[in-house]
Amino acid sequence: MQTEFTPFLSLLGGGLIGASAVLLMATHGRIAGISGILSRILPPASKDQSLPQGLIFLVGLLLAAPLWIVMNGQAPLQTVSTNLPLLALAGVLVGFGSVLGNGCTSGHGVCGISRLSGRSIVATLTFMSTGFVAVLLLRHVFGG
Amino acid sequence: MKNLVTLVSGLLFGFGLLLSGMANPAKVQNFLDLFGTWDPSLAFVMGGAIAVTMPGFWLVTRRSKPLFNTVFHLPTRTDFDMRLIAGSAIFGIGWGLGGFCPGPAVTALPLAAEGTLIFVATMLTGMAASKYLLNRQDNRV
């Protein structure tokens, strides 16, 4: 399905994501990596003192959409697949892979690349490539 | 104050994801669909974010320490191991199949689409499983 090309909104939204990451670095000295923040609150428990701050950050993330609805009077545009077994599989892969690879789009893709981390550049190129192949197979080979 | 700043950064991050279209799986999948309904918007999200973080990180890490912490927690590893490559490869497959990565999935959770609820549940399970296996492996060595 077609989506509208939104260069300005996307650039602006990206800027907000960047501002959030800089704020977190300036105040807590931490990388805004969502998979890291999520995995630290999950069992098995780790000896990490950043846990309460991670939870507060997640509360902020969760409040964004409700606040958006209050401000704009409508929900943000979103189309989620109704193929539930596929989404269940995708979730497992995203969760397992991001913890194994020490990061996801935010930690490697934004924060790591800005620090010119070789590991993050390799990670980003890797997940962009396999993501591209996954969509290619899903849409053009198996015709999902 | 400290907690308020953290809450605001979470909100900013979520708003950025919503505004940019990253929280819409169809848009993410279209970015990855070069041979179909390609939507290059996501490149602008990354560009916009990096345009802020690159100078921003450089500027703030020149200070001796962060405002509310004693040190900057910056990753120091520079090696490329199988874990990094395999993990990122697996992550990318899931990202393509579902159109969600962790931040947008959490942000979209309150919109309560059935697919999002399932995705977040299995994502957290996958994370815990990965963490458990890595812990076990680390303890053995």
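Residue numbers (our numbering), protein chains in the order written: chain A, -11 to 132; chain B, 73 to 213.
Don't be surprised by glycine CBs; every beta carbon is placed ideally from N, CA and C.
Using a Cβ-Cβ cut-off of 8 Å, state whether B:R149 counts as contacting chain A.
yes
If we ignore side chains and look at the alpha-carbon of each, how far apart do A:S105 and B:T150 end up?
7 Å
In whole angstroms, what separates the C-alpha of A:L49 from that of B:T78?
One Cα belongs to A:L49, the other to B:T78, and the distance between them is close to 10 Å.
Report the option in A:R107, A:Q66 and A:A111 whose CA atom is closest to the CA atom of B:A95.
A:Q66
Between B:S113 and chain A, is there a C-beta pair that is closer than 8 Å?
yes
Say whether chain B places a C-beta atom closer than 8 Å to the C-beta of A:Q(-10).
yes
Are any of the Cβ atoms in chain B nearer than 8 Å to that of A:F45?
yes
Does DSSP put B:C173 in a helix, a strand or coil?
DSSP places B:C173 in coil when its eight states are reduced to three.
Could you work out which residues of chain A lie near B:N141, taking near to mean beta carbons separated by less than 8 Å?
Within chain A, the residues near B:N141 are T15, H16, G17 and R18.
What's the call for A:V129, buried or exposed, on a 16-neighbour Cβ count within 10 Å?
Its Cβ having fewer than 16 others within 10 Å, A:V129 is exposed.
Do A:G42 and B:H145 have their C-beta atoms closer together than 8 Å?
no
Along the chain, where does the alpha helix (DSSP H) that runs through B:S92 open and close?
K74 to S92
Please go through the same chain and pick out, in chain order, the residues whose beta-carbon is closer than 7 Å to the beta-carbon of B:G82, but skip the five residues on each side of it.
none
Return helix, strand or coil for B:D210, following the three-state DSSP convention.
In the structure shown, B:D210 sits in a helix (DSSP, three-state: H, G or I).
Please confirm whether A:G24 and A:G95 have their CB atoms less than 8 Å apart.
yes
List in chain order: all unbroken alpha helix (DSSP H) runs of 4+ residues lying wholly within the segment -3 to 29 of chain A.
22 to 29
Taking only the alpha-carbon atoms, compute the straight-line gap between A:S(-2) and A:F45 and give it to the nearest angstrom.
22 Å
Using 8 Å as the limit for Cβ to Cβ distance, is B:N207 near chain A?
yes
Do B:G171 and A:T70 come within 8 Å of each other at the CB atom, strictly closer than that value?
no
If A:G79 and B:G164 are in contact, beta carbons under 8 Å, what's the gap, nearest whole angstrom?
About 14 Å separates the beta carbon of A:G79 from that of B:G164, a gap too long to meet the 8 Å contact definition.
Would you say the segment 175 to 193 of chain B touches the segment 84 to 94 of chain B, given that touching needs at least three Cβ pairs under 8 Å?
The count of Cβ pairs closer than 8 Å, one atom from the segment 175 to 193 of chain B and one from the segment 84 to 94 of chain B, reaches three, so the stretches are in contact.
For chain B, find out if any of its Cβ atoms is closer than 8 Å to the Cβ of A:Q41; answer yes or no.
Cβ-Cβ to chain B under 8 Å: yes for A:Q41.
Checking 8 Å against the spacing of the C-beta atoms, do B:A158 and A:L88 come in under that value?
yes
So, is B:W130 buried or exposed, given that buried needs 16 or more other C-beta atoms within 10 angstroms?
exposed
If we call anything under 8 Å between Cβ atoms a contact, is B:N207 one with A:P31?
no
The alpha helix (DSSP H) spanning B:N102 covers which residue range?
P97 to L104
The alpha helix (DSSP H) spanning A:N60 covers which residue range?
L39 to N60
Could you please give the first and the last residue of the uninterrupted alpha helix (DSSP H) stretch that includes B:P127?
S113 to V132
Judging by CA-CA distance, which residue of A:Q(-10), A:A14 and A:F84 is the nearest neighbour of B:F191?
A:F84
Buried or exposed for B:R212, going by 16 or more other Cβ atoms inside 10 Å?
exposed
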